[in-house]
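**Q** Have a look at the structure that comes next, please.
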Amino acid sequence: MSARLGDYLGQFYTVVSEKNNVMGVYYVIGMTTAIYVGLAFEQALTKSISNAIAVHVRRRVTTGIYEHYFRSNAYYKISSDDRLKNPDQQLTQDIDRYSVAYGVVMGEIVASPVFIAYFWYEITVSVNYWVPLVILAYYLITFVIQRFIMSPISAYTYKQEKLEGAFRHHHQKIDSFAESIALSRGEGTESTIGMAIFKSVLENKMKVVYWEFLLWFLSYLFSFGASIVGSIVVALPLVLGKVESLDSGTVATTLYDIGMLAWGFTKVTTISTSMAEFFGYSHRIGEFMEIAIEAQKNASPPGSTQPTTARHLTCSTLTLYDPNETLLLKDISFTIKTDTLIMGPSGCGKTSLIRAIGGLWPIYDGELFIPKGILFFPQNIHLPFGNIIQQIIYPSLDQSNITHDTVLDLLKEVGLDVLLDRDDLFTRIDWDFLSPGQRQCLAATRVLYHSPEIAVLDEVTSHVDEQSEIKLYSAFKRRGIILLSIGHRPTLKKFHQRLMVVDITRKIVVDADSVCEENSVLEN
1 MSARLGDYLG QFYTVVSEKN NVMGVYYVIG MTTAIYVGLA FEQALTKSIS NAIAVHVRRR
61 VTTGIYEHYF RSNAYYKISS DDRLKNPDQQ LTQDIDRYSV AYGVVMGEIV ASPVFIAYFW
121 YEITVSVNYW VPLVILAYYL ITFVIQRFIM SPISAYTYKQ EKLEGAFRHH HQKIDSFAES
181 IALSRGEGTE STIGMAIFKS VLENKMKVVY WEFLLWFLSY LFSFGASIVG SIVVALPLVL
241 GKVESLDSGT VATTLYDIGM LAWGFTKVTT ISTSMAEFFG YSHRIGEFME IAIEAQKNAS
301 PPGSTQPTTA RHLTCSTLTL YDPNETLLLK DISFTIKTDT LIMGPSGCGK TSLIRAIGGL
361 WPIYDGELFI PKGILFFPQN IHLPFGNIIQ QIIYPSLDQS NITHDTVLDL LKEVGLDVLL
421 DRDDLFTRID WDFLSPGQRQ CLAATRVLYH SPEIAVLDEV TSHVDEQSEI KLYSAFKRRG
481 IILLSIGHRP TLKKFHQRLM VVDITRKIVV DADSVCEENS VLEN
């Protein structure tokens, strides 16, 4: 199309040099204008296709990474992998920029050295000297017009940044609460929540693409139109009859050639920059994928952890090391059939035992028999963005089996019925405004709702007062849930039939059924 435009420019200066051939002038100007419009549309379409490619690539890459990231607790492994400093950035910002660079490279690859060489030669045979003021006025007018188009783009871009921030924040919370999510078996929910936010990101991005298409179309139209304006200015004296003839078409041809040459260099610069960004982000994303696949393979349940159909949890001569191969527990054996409290000084390995039971850390020696009906209540509470029902049923996604009355009863049991005065059941909010004690009470509703056979509780009342502690444990007991609690408070003893104490040597030094007080203080 560019070459065809050059032909019409040549024809233009042929007809304008002919006397009384006004119709020929109008014809060539009309055809040239049509080609310019076509070129503007072509360039705008190229840009839009480039962005659409970027959206498609981002969808494919993110979906592919999610398949590895949320499988076999890989995200938990990655959260403690020193090779990845900011996994949330690589999952969001890096993939986005990688996709944009990919789209630019694919969309602009048509620029070639031949294109530049051709117009380089053409510009040497023409001279531009007399329309700069007209072109300047033309660009001022086009700038005002484009400002109106930029307004909705700015609004959608602002919204896009907010959505991108929400998407990144989601992954930051996953990184912060990886252990809590892993023990809660919340990877499926987190993946679904993440993809829902990601869907909003893509939908708004496509709106930006649509408006940018119009802006690019006008931008290219006005850019090419500058040559049309120059041609009209050159032809105007002839049309008005002020001159008899014009010299060869060097003026308009030069305007066109200069524009095309500048455009060619711009494309080369854009491609080289985008290629550098593309390869840089490719390396970072490739590194992330390698570590995610490695973590997925290494995060598989260890052979020494076995499921069991029994209702109790059994640990036999367990020796446990952390990922750095530091000894955590040595020759631990027990069977949990009744409510059991594990106490001991900080750092003796109590929480590490929960990680082993949850399959987060491998077992080097001994055996663990884990019943299916087990639920973990970690000390680091994760409350994902969502409504009150989603907090209660977490990590489940099915809200059809819970009613308003059930929600109200559960919140009353833990002393949080006041939350229903703040928002309705379906208002999705960020729950960071809750105090640590309120977060523990809200998380306790998950235990009450799911009513597992065994609940593993890791200092779940460390931020509540004694009366609230009684309220929570009384609710657990009414459900008939077998409790395996870890804590420091002596007040916890009365809620359990068995006490185990782990000392600084990482061994059980007390295992008695008579140490715990009777449950006489439990609420009726």
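Positions 1 to 524 (the UniProt record's numbering) are the ones given, in order, by the sequence shown.
All C-beta atoms in this analysis are idealised placements derived from N, C-alpha and C, irrespective of residue type, glycine included.
These figures come from a predicted structure and were not determined experimentally.
What's the gap between the Cα of Asp503 and the Cα of Ile332?
**A** Here residue 503 is taken as the residue at index 503 of the sequence shown, counted from 1. Here residue 332 is taken as the residue at index 332 of the sequence shown, counted from 1. Going from the Cα of Asp503 to the Cα of Ile332 covers about 12 Å.
**Q** Tell me whether Val144 is buried or exposed, calling it buried when 16 or more other Cβ atoms sit within 10 Å of its Cβ.
**A** Translated into the one-based positions of the sequence shown, residue 144 becomes position 144. Exposed is the call here.
**Q** Using DSSP with H/G/I as helix, E/B as strand and the rest coil, what is Phe426?
**A** For the purposes of this step, residue 426 is identified with residue 426 of the sequence shown, where counting begins at 1. Phe426 falls in the coil class under three-state DSSP.
**Q** So for Ala299, helix, strand or coil by DSSP?
**A** Sequence index remark: in the sequence shown, residue 299 carries index 299 (1-based). Because the pLDDT of Ala299 is 49, which lies under 50, any placement of that residue in the model is unreliable, and the question is left without a value.
**Q** Is it true that the CB of Gln160 sits closer than 8 Å to the CB of Lys199?
**A** Position 199 of the sequence shown, counted from the first residue, corresponds to residue 199. Position 160 of the sequence shown, counted from the first residue, corresponds to residue 160. No, Cβ-Cβ distance for Lys199 and Gln160 is not below 8 Å.
**Q** Just the Cα atoms here: how many angstroms apart are Met289 and Val208?
**A** Here residue 289 refers to the residue found at position 289 of the sequence shown. Here residue 208 refers to the residue found at position 208 of the sequence shown. Cα to Cα, Met289 sits roughly 29 Å from Val208.
**Q** Starting from Asp458, trace the beta strand (DSSP E) both ways and give me its first and last residue.
**A** Taking the sequence shown and counting its residues from 1, one reaches residue 458 at position 458. Looking at the DSSP string, the run of the beta strand (DSSP E) that includes Asp458 is Ile454 to Asp458.
**Q** Suppose only complete runs of 3+ residues qualify. What are the beta strand (DSSP E) ranges in the stretch 28-78, listed by chain order?
**A** none
**Q** How close, in whole Å, do the beta carbons of Leu408 and Cys441 come, if the pair is a contact with beta carbons under 8 Å?
**A** Within the sequence shown, residue 408 is the residue found at index 408, counting from 1. Within the sequence shown, residue 441 is the residue found at index 441, counting from 1. Their Cβ separation, rounded to whole angstroms, is 15 Å, which puts Leu408 and Cys441 out of contact at 8 Å.
**Q** In whole angstroms, what separates the C-alpha of Val447 from that of Ile429?
**A** The sequence position of residue 447 within the sequence shown is 447, counting from 1. The sequence position of residue 429 within the sequence shown is 429, counting from 1. Spanning the two alpha carbons is a distance of roughly 22 Å.
**Q** Identify whether Ile145 lies in helix, strand or coil by the three-state DSSP scheme.
**A** Within the sequence shown, numbered from 1, the residue matching residue 145 stands at position 145. In the structure shown, Ile145 sits in a helix (DSSP, three-state: H, G or I).
**Q** Where does Ile402 fall in DSSP's three states?
**A** Here residue 402 refers to the residue found at position 402 when the sequence shown is read from its first residue. Coil, per DSSP.
**Q** So what does Gly386 bridge to, in DSSP terms?
**A** The count along the sequence shown starts at 1 and reaches residue 386 at position 386. Ile429, per the DSSP bridge assignment.
**Q** DSSP three-state call for Thr270: helix, strand or coil?
**A** Counted from its first residue, the sequence shown places residue 270 at position 270. With a pLDDT of only 49 at Thr270, under 50, the local geometry of the prediction cannot be trusted, and the value read off the model is given with reservation. Thr270 falls in the helix class under three-state DSSP.
**Q** Is Ile293 near the ligand MG, going by C-beta to nearest heavy atom under 7 Å?
**A** In the structure shown, the ligand MG is absent, as is every other ligand, since no ligand is present at all.
**Q** In the stretch 468-497, which residue ranges form an unbroken beta strand (DSSP E) of at least 3 residues, counting only runs that do not cross its ends?
**A** 482-486
**Q** With distances taken Cα to Cα, identify the nearest neighbour of Val501 among Arg478, Leu329, Arg83 and Val57.
**A** For the purposes of this step, residue 501 is identified with residue 501 of the sequence shown, where counting begins at 1. Val501 has its Cα closest to that of Leu329, out of Arg478, Leu329, Arg83 and Val57.
**Q** Which whole runs of the beta strand (DSSP E) in the stretch 317-385 are 3 residues long or more, in chain order?
**A** 327-336, 340-343, 363-371 and 374-377
**Q** Quick test of your reading: Ile342 and Ser176, contact by CB under 8 Å. State the CB separation rounded to the nearest angstrom.
**A** As a working mapping, residue 342 is identified with position 342 in the sequence shown. As a working mapping, residue 176 is identified with position 176 in the sequence shown. About 25 Å; that fails the 8 Å criterion.
**Q** When burial is assigned at 16 or more other CB atoms within 10 Å of the CB, is Gly480 buried or exposed?
**A** Stepping through the sequence shown from its first residue, residue 480 is reached at position 480. Exposed is the call here.
**Q** Does DSSP put Leu419 in a helix, a strand or coil?
**A** Taking the first residue of the sequence shown as position 1, residue 419 is located at position 419. Helix, per DSSP.
**Q** Which of helix, strand or coil does DSSP assign to Thr192?
**A** Within the sequence shown, the letter at position 192 stands for residue 192. Here Thr192 sits in helix by DSSP.
**Q** Exposed or buried, what is Val201 when buried is set at 16 or more other beta-carbons lying within 10 Å of its beta-carbon?
**A** Here residue 201 is taken as the residue at index 201 of the sequence shown, counted from 1. Label assigned to Val201: buried.
**Q** Let me know if Tyr26 comes out buried or exposed under the rule of 16 or more other beta-carbons within 10 Å of its beta-carbon.
**A** The residue given as residue 26 occupies position 26 in the sequence shown. Under this definition Tyr26 is an exposed residue.
**Q** Between residue 600 and Lys412, what straight-line distance do the alpha-carbon atoms span, to the nearest angstrom?
**A** In the structure as shown, the chain begins at 1 and stops at 524. Residue 600 is therefore absent and cannot be evaluated.
**Q** Tell me, to the nearest whole angstrom, how far the beta carbon of Ile285 is from that of Asp94; I am working on the premise that it is less than 8 Å.
**A** Taking the first residue of the sequence shown as position 1, residue 285 is located at position 285. Taking the first residue of the sequence shown as position 1, residue 94 is located at position 94. Right, the Cβ-Cβ distance comes to about 6 Å (below 8 Å), so this counts as a contact.
**Q** Is the distance from the Cβ of Ile482 to the Cβ of Thr338 below 8 Å?
**A** Position 482 of the sequence shown, counted from the first residue, corresponds to residue 482. Position 338 of the sequence shown, counted from the first residue, corresponds to residue 338. Yes, the Cβ-Cβ distance between Ile482 and Thr338 is below 8 Å.
**Q** What does DSSP give as the partner residue(s) for Thr314 in the beta ladder?
**A** Mapped onto the sequence shown, residue 314 falls at position 314. Answer is Thr335 and Phe369.
**Q** Any beta carbon from chain C within less than 8 Å of Thr335's own beta carbon?
**A** Here there is only one protein chain, and chain C is not present.
**Q** If you reduce the DSSP assignment to three classes, tell me which class Val447 lands in.
**A** Against the sequence shown, residue 447 aligns to sequence position 447. It is helical.
**Q** Measure from the alpha carbon of Phe476 to the alpha carbon of each residue in Ala443, Pro490, Ile402 and Ile78, then state which is nearest.
**A** Counting from one through the sequence shown, the residue named residue 476 turns up at place 476. Of Ala443, Pro490, Ile402 and Ile78, the residue nearest in Cα terms is Ala443.
**Q** Can you give me the C-alpha to C-alpha distance between Ser184 and Phe377, rounded to a whole angstrom?
**A** Position 184 of the sequence shown, counted from the first residue, corresponds to residue 184. Position 377 of the sequence shown, counted from the first residue, corresponds to residue 377. So the two alpha carbons sit approximately 7 Å from each other.
**Q** Classify Tyr129 as helix, strand or coil using the three-state DSSP reduction.
**A** Within the sequence shown, numbered from 1, the residue matching residue 129 stands at position 129. Low confidence applies to Tyr129: its pLDDT is 44, below 50, so where it sits in the model is not reliable, and the reading given next is rough at best. Of the three classes helix, strand and coil, the one that applies to Tyr129 here is coil, per DSSP.
**Q** Considering only residues of the same chain and omitting the five flanking positions on each side of Leu419, which have a CB-CB separation below 7 Å?
**A** Here the question's residue 419 lines up with position 419 in the sequence shown. Excluding sequence neighbours, Leu419 sits near Ile388 and Leu411.
**Q** For Ile141, does the count of other Cβ atoms within 10 angstroms reach 16, so buried, or fall short, so exposed?
**A** Numbered from 1 along the sequence shown, position 141 holds the residue referred to as residue 141. Exposed: under 16 other Cβ atoms inside 10 Å.
**Q** Just to check my reading of the structure: Thr46 and Gly107 have Cβ atoms closer than 8 Å, yes? What is that Cβ distance to the nearest angstrom?
**A** Numbered from 1 along the sequence shown, position 46 holds the residue referred to as residue 46. Numbered from 1 along the sequence shown, position 107 holds the residue referred to as residue 107. Confirmed, about 5 Å.
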